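Take a look at the structure set out below.
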Amino acid sequence: MIRDTTIGARLWAVAVWTLTGFFVLNIAAMMATVITSSFSTRWLQSWLPQAYTTRWYISAWREFQLGDVLLTTFQIVFTVVALSALFGVPAAYALARRDFPGKRLLLLLFLLPLLVPPMTFGIPLATVLYQVGLGGTFWGVVLANLVPSVPFVVMVLIPFIEQIDPKIEAAARVFGANTFQLFRHILVPMLTPAVLAALLLVLVRTIAMFELTFLTAGPTSQTLVVALYYSVFAAGVRAVQSIDAMAVIYTATTLIWLLIALRFVNPTQIIGRAH
Amino acid sequence: MTIASSRFDTLSLDGVSRNFGTVIALDSIDLTIRRGEFVALLGPSGCGKSTTLNCIAGLLAITAGQILLDGKRIDMLRPEDRGFGMVFQNYALFPHLTVRQNIGFGLKMRGVPKAETSRRIDEAVRLVRLQGQEAKLPGQLSGGQQQRVAIARAVVIEPPLVLMDEPLSNLDAKLRLEMRAEIRRIHNELDATTIYVTHDQDEALSLADRIVVLKDGVIRQVGTPHELYQTPADRDVAEFMGYRNQMPGVCSACANGRASILTGDRVMSGIARGDLSVGDAAVAIFRPDDLAVSTRQEGGIAATVEAIEYRGREYVGTARTPDGLPLLFRADKPVDAGNSVCLAADPAQVLIFPASGGR
Amino acid sequence: MASSAANATPRQKLAARGLDGVTLLTLPAALLIMLLFIYPFAYGLYLSFAPKAGGWLANYIAFFSDPYLYDTIAATLNISLPVTLVSLILALPIAFRVRLLKRQRLLTTILVIPITLGTVLVAEGLLNYLGPQGWFNRTLLWLGIISHPIRLLHNYWGVFASLLITGFPFTFLLTLSYVSGIDPALEKAAATLGANARRRFLHIFLPLLVPGLAINFCLSFVQNFSVFPSAVLLGAPAGETRVISIAAYQAAFEHFDYSMGSAIAIIMGAVQLAVVVAVLAARRLFYRGSVSGAKG
Chain W
648 MIRDTTIGAR LWAVAVWTLT GFFVLNIAAM MATVITSSFS TRWLQSWLPQ
698 AYTTRWYISA WREFQLGDVL LTTFQIVFTV VALSALFGVP AAYALARRDF
748 PGKRLLLLLF LLPLLVPPMT FGIPLATVLY QVGLGGTFWG VVLANLVPSV
798 PFVVMVLIPF IEQIDPKIEA AARVFGANTF QLFRHILVPM LTPAVLAALL
848 LVLVRTIAMF ELTFLTAGPT SQTLVVALYY SVFAAGVRAV QSIDAMAVIY
898 TATTLIWLLI ALRFVNPTQI IGRAH
Chain A
347 MTIASSRFDT LSLDGVSRNF GTVIALDSID LTIRRGEFVA LLGPSGCGKS
397 TTLNCIAGLL AITAGQILLD GKRIDMLRPE DRGFGMVFQN YALFPHLTVR
447 QNIGFGLKMR GVPKAETSRR IDEAVRLVRL QGQEAKLPGQ LSGGQQQRVA
497 IARAVVIEPP LVLMDEPLSN LDAKLRLEMR AEIRRIHNEL DATTIYVTHD
547 QDEALSLADR IVVLKDGVIR QVGTPHELYQ TPADRDVAEF MGYRNQMPGV
597 CSACANGRAS ILTGDRVMSG IARGDLSVGD AAVAIFRPDD LAVSTRQEGG
647 IAATVEAIEY RGREYVGTAR TPDGLPLLFR ADKPVDAGNS VCLAADPAQV
697 LIFPASGGR
Chain V
-6 MASSAANATP RQKLAARGLD GVTLLTLPAA LLIMLLFIYP FAYGLYLSFA
44 PKAGGWLANY IAFFSDPYLY DTIAATLNIS LPVTLVSLIL ALPIAFRVRL
94 LKRQRLLTTI LVIPITLGTV LVAEGLLNYL GPQGWFNRTL LWLGIISHPI
144 RLLHNYWGVF ASLLITGFPF TFLLTLSYVS GIDPALEKAA ATLGANARRR
194 FLHIFLPLLV PGLAINFCLS FVQNFSVFPS AVLLGAPAGE TRVISIAAYQ
244 AAFEHFDYSM GSAIAIIMGA VQLAVVVAVL AARRLFYRGS VSGAKG
């Protein structure tokens, strides 16, 4: 990379960084607004609220039954994560290690749910789920969320597995390992970091997945983000501060898992193998 | 031959230094390159040879010193304004352009008219012997062909200087030898001035008119291949030039350019190099070629053979002295591993340096 | 090669073609996706041709004869195309700068946050932030740039802002990976051949980036085209930001006309596909042009 140090180049650099800074600043300010509001007693006509309180959190918790919602959210999310691993890891292994007729078609099959936006396939999917009676249930939501999650696991893991030299497996066999021992002593240890990373990403993405859950959830199978949507939707009825409190709780939940995930993965992998 | 190089007389590097943070990559380099020379920058990894080349090209700014072309400072110029041709280690061919378009890129940047551009590209293609490949994309060419395109692209702009950064290191051994000869042929045909970076001693010896040996950002020696081969300036240069046997000891005599060294329980004599005085810690350095199995028992080095390799014309063996020193020697007849041998070094080819290694 | 031995068993023959026990590991996942992704599309397609009343095209005819419905296509394009373009145009120069940075991780982490939090949270945040009493308007007033608060909520601009905030990071990160994937030696080679920064960008970077940028555009566009929560919460869902996903949702889940809902979903998919195909076709034109156009 060559650094140009003329005045024109410097000005351009300043402009670009200003733009970036402006963007980041606005995001930060937006989040700060929500947090401040959630702690305010009243906030109408001034830069900052008149006084602060934490009662909105308590009232939001009760009003929106956040305890139940959080429980449901995590039940759904962890089920999705577990099932994604169950379905996705073996498929990724097979696709990484074998070349067979129809492989490209299969890869396309796993790529499509990542490319097509959730709303587009969500409506047909929800229709089908309602037709078979799974609409509005816990398992309906889980199944819907598996559609982007299993392919995500598959596409993220394939390059990792490909990187593991197949000769290592051959060497293990030469030294007498059967398939079970191969998995236990060689593959599982070598794959665990990648699999954990992929599953953490699935976790974060599922917590934040709105459209699919919105279309398939019933009143007892809502995740936090869907509950948040409904509360904003009915914003006239509820106090803004308690909605903001709920938003803060949602943000905290998501960001905690995001930060955990980021210890193991590069931020860019969250957008996945979209290409 | 219509491709020629622009005229210049000298390129000088004057106290050129380059730091990366606290790391000193180049430490006050002084070097003058004359028109028509083929100069090799030789040294191990990290010695600063690529850094030097990049500074000359303008791809790296220098942190001290000057670079002068015929007395005029050029180190302030951006690379696009210096006009040197450069060949990169991984060729850096533009993947979306054909061979012709790659070669013609520099001419296009200079606004050379179409007809002349076409003519000059034809000349360049003929020069590097790539006729028939002109419409292909780089991805469709072999490594050697890509290398030729890279060379053509660099010389077609008729630069005063051609800079080459380890151009052959990505090729296999046979291709490397072929391309080596090609590079020298092209240099001669164009009457060009070339600065060639390499870590391969053989390449430097066979290609260059002058070799500059660098280590740790400092020039250790500048000279013709013969000078470097026969009379390396210090221990590091000698090691680099293939003097792979090293026997440490104490200098026991030193006069008239010759010295003796007491190493282990034997005395070796050789040519004194560097600042040597009696009593100094010293090291005797000599090539494997100059250490042979001796018939005499006196004055030789006793060692036990560890392994022996057949090299066609002779045998090359590794041995170890009783005090654990490894030695490489040559033999006309095979010697079994485990046998003891007596090895003798040709005193006319042994160099004795002060043990400190550097200047 | 396969059965060169005369006695290769069927199992060995299959294995030589890559089909053995391991390959079967793909089956559960493949079946799952076919059931939950492919089948609903097929079923939806079938359903769309089986309307509650009228002939098999009745849904589509109804859609295209009711302005309240077919205007949604225009409304959605009106939001998604500009947002995608703006994202891309902003992402390119910033990615170019950031690739020179040694510590990119902080920036990429910050940018990943809006994507992760999602459009609902961003919509809720903007409802606070962009309101007439919110900090954004207050700051502009205080700086004297405007004289009374600008209306950014419950209209086009709120949705635009929301999509930009959640979409730009994705576009940016993708562009950054493309830009970083270009061999730095190419830029150096171009410089030594006389190309200044502008020409290096035009002749080297841009042609190499166009294929990636086209894909980037397509991916971002389809995301933006299927916008839903921001359009409802931040926009005017009955008016200028009545996007096609709202129409589909209402048909299926408010009027319980699954047939119509499926039809609208199919139309939505079809429009997205049409734009993607158009962009990829244009890219091919450009690419061929750049290779043959340069004289040499």
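Chains as they are written, first to last, in our numbering: chain W, 648 to 922; chain A, 347 to 705; chain V, -6 to 289.
All residues carry an ideal CB built from backbone N, CA and C; glycine is no exception.
Quick caveat, the model's predicted, so the values are computed rather than measured.
List, in chain order, every chain V residue whose beta-carbon is nearer than 9 Å to that of leucine 405/A.
For the purposes of this step, residue 405/A is identified with residue 59 of the second sequence, where counting begins at 1. By Cβ distance, chain V contributes Lys181, Ala184, Thr185.
Q) Since asparagine 130/V meets chain W, which of its residues come closer than 9 Å, beta carbon to beta carbon? A) Within the third sequence, residue 130/V is the residue found at index 137, counting from 1. Result: empty, since nearest Cβ-Cβ is about 11 Å, beyond 9 Å.
For this session: State the Cα-Cα distance for the pair glutamate 573/A and isoleucine 103/V, rounded to the nearest angstrom.
Result: Start at 1 with the first residue of the second sequence, and residue 573/A comes out as number 227. Start at 1 with the first residue of the third sequence, and residue 103/V comes out as number 110. Distance between the alpha carbons of glutamate 573/A and isoleucine 103/V: 60 Å.
- Query: Excluding sequence positions up to five away, which residues of its chain have a Cβ less than 6 Å from the Cβ of isoleucine 607/A?
  - Reply: For the purposes of this step, residue 607/A is taken as the residue at position 261 of the second sequence. Gly595, Cys597, Met614, Ala628, Ala630, Ile698, listed in sequence order.
- Anything in the region 735 to 753 of chain W with a Cβ closer than 7 Å to a Cβ of chain V? List those residues in chain order, please. Gly735, Pro737, Ala738, Tyr740, Ala741, Leu742, Arg744, Arg745, Asp746, Phe747, Pro748, Leu753
Check: According to a CB-to-CB cut-off of less than 8 Å, which residues of the region 788 to 818 of chain W neighbour chain V?
Finding: Leu790, Ala791, Leu793, Val794, Val797, Pro798, Val801
For asparagine 913/W, the three-state DSSP class (helix, strand or coil): Against the first sequence, residue 913/W aligns to sequence position 266. In this structure, asparagine 913/W counts as coil in the three-state DSSP scheme.
(request) May I have the straight-line CA-CA distance separating alanine 184/V from lysine 95/V, to the nearest angstrom? (result) Here residue 184/V is taken as the residue at index 191 of the third sequence, counted from 1. Here residue 95/V is taken as the residue at index 102 of the third sequence, counted from 1. Between alanine 184/V and lysine 95/V, the C-alpha separation is close to 22 Å.
What residue range does the alpha helix (DSSP H) around isoleucine 237/V cover? Position 244 of the third sequence, counted from the first residue, corresponds to residue 237/V. Its alpha helix (DSSP H) spans residues 237 to 242.
*asked:* Check whether chain V comes within 7 Å of arginine 920/W, counting only Cβ atoms and requiring the distance to be less than that.
replied: In the first sequence, counting from the first residue as 1, residue 920/W sits at position 273. Residue placement at arginine 920/W is poorly supported in this model, since its pLDDT is 45, which falls under 50; the coordinates still yield a value, given next. Chain V contact via Cβ: absent.
ask   = Does any CB atom of chain A fall closer than 7 Å to the CB of leucine 201/V?
value = Along the third sequence, one-based indexing puts residue 201/V at 208. Cβ-Cβ to chain A under 7 Å: yes for leucine 201/V.
What's the C-alpha gap between alanine 8/V and valine 76/V? Walking along the third sequence from the start, residue 8/V turns up at place 15. Walking along the third sequence from the start, residue 76/V turns up at place 83. Spanning the two alpha carbons is a distance of roughly 50 Å.
Fill in: Three-state secondary structure assigned by DSSP to arginine 193/V
Translated into positions along the third sequence, residue 193/V becomes position 200. The answer is helix: DSSP assigns arginine 193/V an H, G or I state.
*Are the beta-carbon atoms belonging to valine 663/W and threonine 853/W less than 7 Å from one another?*
Here residue 663/W corresponds to residue number 16 of the first sequence, with the count starting at 1. Here residue 853/W corresponds to residue number 206 of the first sequence, with the count starting at 1. Taking 7 Å as the Cβ cut-off, valine 663/W and threonine 853/W do not qualify as a contacting pair.
Point to revise | Euclidean distance between Cα positions of glutamate 816/W and leucine 834/W | key: Along the first sequence, read from residue 1 onward, the residue named residue 816/W stands at position 169. Along the first sequence, read from residue 1 onward, the residue named residue 834/W stands at position 187. Cα-Cα distance, rounded: 8 Å.
| message | If you reduce the DSSP assignment to three classes, tell me which class glycine 595/A lands in. | response | Residue numbering aside, residue 595/A sits at position 249 when the second sequence is read from its first letter. The answer is strand: DSSP assigns glycine 595/A an E or B state.
Would you verify that the beta carbon of asparagine 534/A is, or is not, closer than 7 Å to some beta carbon of chain V? Against the second sequence, residue 534/A aligns to sequence position 188. Asparagine 534/A does not count as touching chain V.
- request: Look at the alpha carbon of glycine 289/V and the alpha carbon of leucine 357/A, and state the distance between them as a whole number of angstroms.
  value: By one-based count along the third sequence, residue 289/V stands at place 296. By one-based count along the second sequence, residue 357/A stands at place 11. Here glycine 289/V scores only 29 on pLDDT, less than 50, and its place in the model should not be relied on; the value that follows carries that caveat. Cα-Cα distance, rounded: 32 Å.
Problem - Neighbour flag for alanine 189/V against chain A, beta carbons, 7 Å - result: Residue numbering aside, residue 189/V sits at position 196 when the third sequence is read from its first letter. One detail in the question is off: residue 189/V reads as asparagine in this sequence, not alanine. Chain A, which has a Cβ nearer than 7 Å to the Cβ of asparagine 189/V, makes this yes.
### Query
Is it true that the CB of serine 731/W sits closer than 7 Å to the CB of valine 803/W?
For the purposes of this step, residue 803/W is taken as the residue at position 156 of the first sequence. For the purposes of this step, residue 731/W is taken as the residue at position 84 of the first sequence. Contact: no.
### Message
Would alanine 241/V pass as an interface residue toward chain W - the criterion being a Cβ-Cβ separation below 7 Å?
### Response
Here residue 241/V is taken as the residue at index 248 of the third sequence, counted from 1. Taking Cβ atoms only, chain W reaches closer than 7 Å to alanine 241/V, which makes this a yes.
Cβ separation of isoleucine 711/A and valine 385/A, assumed to be a contact under 8 Å, to the nearest whole Å: Missing from the structure shown is residue 711/A; chain A here goes from 347 to 705 and no further.
- Item | Spatial distance of arginine 193/V from leucine 201/V (CA atoms) | Taking the third sequence and counting its residues from 1, the one referred to as residue 193/V is at position 200. Taking the third sequence and counting its residues from 1, the one referred to as residue 201/V is at position 208. So the alpha carbons of these two residues sit roughly 11 Å apart.
- Could you tell me which residues DSSP pairs with phenylalanine 295/V in its beta bridges? Past the edges of chain V, shown from -6 to 289, lies residue 295/V, and the structure says nothing about it.
Given a cut-off of 7 Å on the beta-carbon distance, is the pair valine 433/A and methionine 510/A in contact?
What you label residue 433/A is simply residue 87 of the second sequence in a count that begins at 1. What you label residue 510/A is simply residue 164 of the second sequence in a count that begins at 1. Yes, they are a contact pair.
- Go ahead and pull the three-state DSSP assignment for lysine 45/V. Translated into positions along the third sequence, residue 45/V becomes position 52. The answer is coil: DSSP assigns lysine 45/V none of H, G, I, E or B.
* Asked: Taking a cut of 8 Å between CB atoms, which residues from the region 877 to 903 of chain W lie near chain V?
  -> Val879, Phe880, Ala882, Val887, Ile890, Asp891, Ala894, Tyr897, Thr898, Thr901, Leu902
Practice item. Compare the beta carbon distance of valine 794/W and phenylalanine 30/V with 7 Å and say whether it is the shorter of the two. Key: To locate residue 794/W, count along the first sequence from 1; it is residue 147. To locate residue 30/V, count along the third sequence from 1; it is residue 37. Yes; because the gap between Cβ atoms is below 7 Å, this pair is in contact.
Item to complete: Return the CA-CA distance between serine 889/W and leucine 169/V, expressed in angstroms with no decimal places.
Response: As a working note, residue 889/W is residue 242 in the first sequence. As a working note, residue 169/V is residue 176 in the third sequence. Approximately 39 Å, taken between the alpha carbons.
### Own chain residues within Cβ distance below 6 Å of histidine 922/W, not counting five before or after
Within the first sequence, residue 922/W is the residue found at index 275, counting from 1. Caution applies to histidine 922/W, whose pLDDT of 36 falls short of 50 and renders its modelled position unreliable; the value that the coordinates give is listed next. Closer than 6 Å at Cβ, skipping near neighbours: no residue.
* Within 10 angstroms of its Cβ, does arginine 494/A collect 16 or more other Cβ (buried), or is it exposed? -> Taking the second sequence and counting its residues from 1, one reaches residue 494/A at position 148. Its Cβ being crowded by 16 or more others within 10 Å, arginine 494/A is buried.
Q: Pick out the complete alpha helix (DSSP H) segments inside the region 382 to 415 of chain A, 4 residues or longer, and give them in chain order.
A: 395 to 403
Fill in: Sub-7 Å separation of threonine 109/V and leucine 672/W beta-carbons
Locating residue 109/V in the third sequence gives position 116, where the first residue counts as 1. Locating residue 672/W in the first sequence gives position 25, where the first residue counts as 1. Not closer than 7 Å, so no.
- Message: Which residue marks the beginning of the beta strand (DSSP E) containing asparagine 365/A, and which one marks its end?
- Response: On the second sequence, residue 365/A is found 19 positions in, with the first residue counted as 1. Note, asparagine 365/A: beta strand (DSSP E), 356 to 366.
Beta strand (DSSP E) containing leucine 372/A: first to last residue? If you number the second sequence from 1, residue 372/A lands on position 26. Its beta strand (DSSP E) spans residues 369 to 380.
| message | Tell me which residue opens and which closes the alpha helix (DSSP H) that arginine 4/V is part of. | response | The sequence position of residue 4/V within the third sequence is 11, counting from 1. Where arginine 4/V is concerned, the enclosing alpha helix (DSSP H) stretches over 3 to 9.
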